[in-house]
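Worksheet: one structure, shown below.
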Amino acid sequence: MGGIGMGYWILIGGIALVSWLVSNQLKQKFKKYSQIHLRNGMSGKEIAEKMLADNGITDVEVISVKGQLTDHYNPANKTVNLSESVYSQRNAAAAAVAAHECGHAVQHAQAYSALKLRSALVPVVSVTSGMSQWLVIGGLILGAAAGAGFGYYIAIAGLVFMSFATLFSFITLPVEYDASNRALAWLKGKNMLTPEEYKGSEDALKWAARTYLVAAIGALASLLYWAMQVFGGRD
């Protein structure tokens, strides 16, 4: 297990570094575009409510939640949850986030297939993701690398569980990119922003999407690594 441990920590360390760099860049971008105040004077809440109304959505509520970058759309209770700064502030970053989260509400209203699939996977992933790695490691300890019976099948179960989380990460990509595309198309089509404001919003959403891309690549790399440990040791 010593070799497995070293290789794994190198992999995890590399992914964590890239993730930190992208996340740090995202925070810098949001800080920068928070300084670009909207000429139309609308808050994130007002931007969100207008985008919902323009898309004929009347059963979704826009609410404020604590924290930073905690913005999300909840399909279960149909709420667009905006972090306190996004909810109340009137800048390019807030406009981008508010419109993006409303993009998810539009996806939900239009039964966007990737969103439906991701929502269906949520309960599965919430159960399997926490135990998948432990099952693989436990299986390897019990002799999976030698293809020895019970341990091998435990490791296989762990890999199957891990594959659900990886699939979830990749299904998340089109959901997030599509929400951003819907947001930007609406912001541009309705002339909500000046060219400078729009450019800032577009760049902010581009970096937000990259965090999901890094997460998906990391999940796949981890799955492939453990699959190699399980199958690579078999004759």
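The sequence shown runs 13 to 247 under the working numbering.
By construction, the Cβ of each residue, glycine as well, lies at the ideal position given by its N, Cα and C atoms.
Inter-stretch contact at 8 Å, needing at least 3 Cβ pairs: the region 164-176 / the region 128-145
Counting C-beta pairs closer than 8 Å gives three or more between the region 164-176 and the region 128-145, which meets the contact rule.
Going along the chain, which residues of its own chain have a beta-carbon closer than 8 Å to the beta-carbon of I27, five neighbours each way excluded?
Excluding sequence neighbours, I27 sits near V226, I229, G230, A233, S234.
Ordered along the chain, which non-local residues of its own chain (more than five positions away) have a Cβ less than 8 Å from that of I183?
For I183, same chain residues with a beta-carbon under 8 Å away, outside a window of 5 residues either side, are A126, L129, R130, L133 in chain order.
So what's Y124 in DSSP terms, helix, strand or just coil?
DSSP, reduced to helix, strand and coil, places Y124 outside both helices and strands of the structure shown, so it counts as coil.
Assuming the contact rule is C-beta atoms closer than 8 Å, D190 and Q122 should be a hit. Round their C-beta distance to whole Å, please.
With 8 Å as the limit, D190 and Q122 do not qualify as a contact, their Cβ atoms being about 10 Å apart.
Taking the alpha helix (DSSP H) that T178 falls in, what are its first and last residues?
Per DSSP, the continuous alpha helix (DSSP H) segment holding T178 begins and ends at 161-201.
Taking a contact to mean a Cβ-Cβ separation below 9 Å, would you say I59 touches A110 in this structure?
With respect to the 9 Å criterion, I59 and A110 are classified as neighbours on the basis of their beta carbons.
When you compare only the Cα positions, how much space is there between M13 and I153?
Low per-residue confidence applies at M13: pLDDT is 46, beneath 50, and the placement is therefore not dependable enough to give any value.
Is the region 70-86 touching the region 173-188, taking contact as three or more C-beta pairs under 8 Å?
No, the region 70-86 is not in contact with the region 173-188.
In whole angstroms, what separates the C-alpha of Q101 from that of S55?
Cα-Cα distance, rounded: 5 Å.
Mark D247 as exposed unless 16 or more other C-beta atoms lie within 10 angstroms of its C-beta, in which case mark it buried.
Because the pLDDT at D247 is just 48, under 50, the model does not fix this residue reliably, and the value given afterwards should be weighed accordingly. Classification for D247: exposed.
Report yes if the C-beta distance between L33 and A216 is below 9 Å; otherwise report no.
No.
Terminal residues of the alpha helix (DSSP H) in which L232 lies:
Residues 207-244.
For a test of the three-state rule: what should DSSP assign to V77, helix, strand or coil?
V77: strand per DSSP, three-state reduction.
Quick one: using the 10 Å Cβ neighbour count with 16 as the cut-off for buried, is M18 buried or exposed?
Taking a 10 Å sphere around the C-beta of M18, we find fewer than 16 other C-beta atoms and assign the residue as exposed.
Short Cβ contact (9 Å threshold) for T223 with S31
The criterion of a C-beta distance shorter than 9 Å is satisfied by T223 and S31.
Would you please state the rounded distance, in angstroms, between the beta carbons of K163 and G151? I believe it to be under 8 Å.
The sequence shown places Gly at residue 163, not Lys. Between G151 and G163 the Cβ distance is about 5 Å, and since that is below 8 Å, they are a contact.
So for V72, helix, strand or coil by DSSP?
If DSSP states are grouped into helix, strand and coil, V72 belongs with coil.
Contact set for G15: own chain, Cβ-Cβ below 8 Å, skip 5 residues either direction
Low per-residue confidence applies at G15: pLDDT is 48, beneath 50, and the placement is therefore not dependable, though the value from the model is reported in the following sentence. Cβ contact annotation for G15 (same chain, cutoff 8 Å, sequence separation greater than five): none.
Compare the C-alpha of P87 against each of H116, Y99, K78 and name the closest.
Of the candidates H116, Y99, K78, the one whose C-alpha sits nearest the C-alpha of P87 is H116.
Just to check my reading of the structure: L196 and S213 have Cβ atoms closer than 8 Å, yes? What is that Cβ distance to the nearest angstrom?
Contact between L196 and S213 holds, with the beta-carbon distance rounding to 7 Å and staying under 8 Å.
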